[in-house]
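Read through the structure below, which is laid out as structure tokens, and then see the notes.
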Amino acid sequence: MGVTIKQVKSRKELNSFISFPINLFKDVPGYVPAIRFDERDTLDPKKNPVYEFCESALFLAYKDGKIVGRVAAILNKKANSEWGHKEIRYGWLDFIDDPEVSKALLDAVIEFGRQKGMDTIVGPLGFTDFDPEGMMVEGFEHQSTMALRHAMPYYKTHMEAMGFVKEVDWVEFKIFMPEKMPEKVERVAKLVEERYKLHMRKVSKREVRKLGIGYKIFDLVNESYSKLYNFTILPKNVVDSYIGFYLGILNLDFLTLVEDENNNIVGFGLCMPSITRAIQKCKGRMFPFGWFYILRSMYFKFEENVELLLIAVTPEYRKRGVNALIFADIIKRASAAGFKYAETNAELESNLDMQSQWGDFEKEQTKRRRIYKKSL
Numbered sequence: 003m004g005v006t007i008k009q010v011k012s013r014k015e016l017n018s019f020i021s022f023p024i025n026l027f028k029d030v031p032g033y034v035p036a037i038r039f040d041e042r043d044t045l046d047p048k049k050n051p052v053y054e055f056c057e058s059a060l061f062l063a064y065k066d067g068k069i070v071g072r073v074a075a076i077l078n079k080k081a082n083s084e085w086g087h088k089e090i091r092y093g094w095l096d097f098i099d100d101p102e103v104s105k106a107l108l109d110a111v112i113e114f115g116r117q118k119g120m121d122t123i124v125g126p127l128g129f130t131d132f133d134p135e136g137m138m139v140e141g142f143e144h145q146s147t148m149a150l151r152h153a154m155p156y157y158k159t160h161m162e163a164m165g166f167v168k169e170v171d172w173v174e175f176k177i178f179m180p181e182k183m184p185e186k187v188e189r190v191a192k193l194v195e196e197r198y199k200l201h202m203r204k205v206s207k208r209e210v211r212k213l214g215i216g217y218k219i220f221d222l223v224n225e226s227y228s229k230l231y232n233f234t235i236l237p238k239n240v241v242d243s244y245i246g247f248y249l250g251i252l253n254l255d256f257l258t259l260v261e262d263e264n265n266n267i268v269g270f271g272l273c274m275p276s277i278t279r280a281i282q283k284c285k286g287r288m289f290p291f292g293w294f295y296i297l298r299s300m301y302f303k304f305e306e307n308v309e310l311l312l313i314a315v316t317p318e319y320r321k322r323g324v325n326a327l328i329f330a331d332i333i334k335r336a337s338a339a340g341f342k343y344a345e346t347n348a349e350l351e352s353n354l355d356m357q358s359q360w361g362d363f364e365k366e367q368t369k370r371r372r373i374y375k376k377s378l
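Our numbering puts the first residue of the sequence shown at 3, with every later residue one more than the last.
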């Protein structure tokens, strides 16, 4: 019996779309499921403000009456306009090891893209850069972070057999906590702080909301990341939704702000205690007991690592060593809290400036993620 592709239309089908990889990866220790309520809100046009400039279609693949794959077709009109291309994105791609299934899923995305006048298919990408992106092609033995997704080793083989080619790669690193902060890092941090009259600041959730600090942070994100691959400048209503979500899950003890003498934010670093094992334990469900495991990992009984979610510095200060200030504070706090290592978010392999910043720490490259592209 052949493969049938069906577009998701009902809440039941959406739940099946979200649940499919949990069964697919049930025997993969490194797989970390998405938090289900967040996944549902992200994919719901009524709840996700990105649908003001995005369109999507979710597809499920069936074979012998069973769900055997899923994919999202995403049209980000804002990104296409800003970058001057006509790309249909694919994301949330998972499938069994059957070339007929993977081809049927990607063909559905291609057809959706052609109907919208697109000339290229690219992914895995989400609606914005705050969604999981990149397909894992190395490091399957390592556990995924909360922000990114696992893959099966055969995904890469299927993509290349269908004529998809590499667009860009991201790499991820494990940074081991030093017993003592490297002298060079401390020296540079102190020098930068004094020379440019900078200071560190910690903030509460109330300050983030009431003083508009959340908006200032995202303004800095937009400014710092605007030239990176396919980045979408985030409008205010989208920023509002992200601030609401992150304030609900982040421990702000691990947010470091750097301000100038006029209290303008010139850089920040954001990390969080890993909650991946807690998410695995509750299979991404917050209720009835998932919230307990997740809160315990965030505030009381830490896992052994922190995840480095975001680091951003204004262009004016990027070459002035501000990152050393941020790293010194993050590493110092993480080490004092008993963490053994930090995991970086995905960094473009071409972003050598970012990777060189870990030169004073013991590190290990753990994973590689790839964007695949193909002309329609």
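The beta-carbon is built from N, C-alpha and C at its ideal position, and this holds for glycine as well. Owing to the predicted nature of the structure, the values given are computational and were not obtained by experimental measurement.
Do the CB positions of histidine 144 and threonine 368 come within less than 7 Å of each other?
Position 142 of the sequence shown, counted from the start, is the residue given in the question as residue 144. Position 366 of the sequence shown, counted from the start, is the residue given in the question as residue 368. Closer than 7 Å, so yes.
Could you work out which residue in Asp29, Gly4, Phe61 is closest to serine 12 when comparing CA atoms only?
Working through the sequence shown from its first residue, we reach residue 12 at position 10. The candidate whose alpha carbon is nearest that of serine 12 is Phe61.
Buried versus exposed call for arginine 116 [16 or more other C-beta atoms within 10 Å across all chains shown]
Against the sequence shown, residue 116 aligns to sequence position 114. Exposed.
Of the choices Gly271, Gly4, Phe304, whose alpha-carbon is the least far from that of serine 104?
Walking along the sequence shown from the start, residue 104 turns up at place 102. Residue Gly4 is the option with its Cα nearest to serine 104.
Residues that DSSP places opposite phenylalanine 27 in a beta bridge:
Position 25 of the sequence shown, counted from the first residue, corresponds to residue 27. DSSP output for phenylalanine 27 lists no bridge partner at all.
Isoleucine 219 to aspartate 99 span [Cα, whole Å]
As a position in the sequence shown, residue 219 is number 217, starting the count at 1. As a position in the sequence shown, residue 99 is number 97, starting the count at 1. C-alpha separation (whole angstroms): 42 Å.
Hey, glycine 269 and isoleucine 333: beta-carbon distance below 7 Å or not?
Looking up residue 269 in the sequence shown gives position 267. Looking up residue 333 in the sequence shown gives position 331. No, the Cβ-Cβ distance between glycine 269 and isoleucine 333 is not below 7 Å.
Go ahead and label alanine 163 buried or exposed: buried means 16 or more other beta carbons lie within 10 angstroms of its beta carbon, across all protein chains shown.
Counting from one through the sequence shown, the residue named residue 163 turns up at place 161. Its Cβ having fewer than 16 others within 10 Å, alanine 163 is exposed.
Which residue comes first and which comes last in the beta strand (DSSP E) that contains glutamine 282?
Stepping through the sequence shown from its first residue, residue 282 is reached at position 280. Taken as a continuous stretch (DSSP letters only), glutamine 282 belongs to no beta strand (DSSP E), being part of the alpha helix (DSSP H) at 278-284.
Is the number of C-beta pairs between the segment 120-140 and the segment 151-163 that are closer than 8 Å three or more?
yes
My assumption, with CB atoms under 8 Å, is that cysteine 56 sits in contact with isoleucine 76. Please give the rounded CB distance.
Working through the sequence shown from its first residue, we reach residue 56 at position 54. Working through the sequence shown from its first residue, we reach residue 76 at position 74. With 8 Å as the limit, cysteine 56 and isoleucine 76 qualify as a contact, their Cβ atoms being about 6 Å apart.
Quick check: leucine 147 and glutamate 349, are their CB atoms within less than 7 Å of each other?
What you label residue 147 is simply residue 145 of the sequence shown in a count that begins at 1. What you label residue 349 is simply residue 347 of the sequence shown in a count that begins at 1. This sequence places threonine at residue 147; leucine is not what is there. No; because the gap between Cβ atoms is not below 7 Å, this pair is not in contact.
Threonine 122 and histidine 87 look like a contact to me (Cβ under 8 Å); what is the Cβ gap, rounded to whole Å?
One-based indexing of the sequence shown puts residue 122 at position 120. One-based indexing of the sequence shown puts residue 87 at position 85. That pair is a contact at about 7 Å.
Start-end ranges of the beta strand (DSSP E) lying completely within the segment 177-233, minimum 3 residues
201-203
First and last residue of the beta strand (DSSP E) that includes alanine 63?
Counting from 1 along the sequence shown, the entry for residue 63 is found at position 61. Start and end: 56-65.
Determine the DSSP secondary structure at alanine 314, reduced to helix, strand or coil.
Here residue 314 refers to the residue found at position 312 of the sequence shown. Here alanine 314 sits in strand by DSSP.
Just the C-alpha distance for aspartate 171 and arginine 151, rounded to the nearest angstrom, thanks.
By 1-based counting over the sequence shown, the position of residue 171 is 169. By 1-based counting over the sequence shown, the position of residue 151 is 149. Approximately 15 Å, taken between the alpha carbons.
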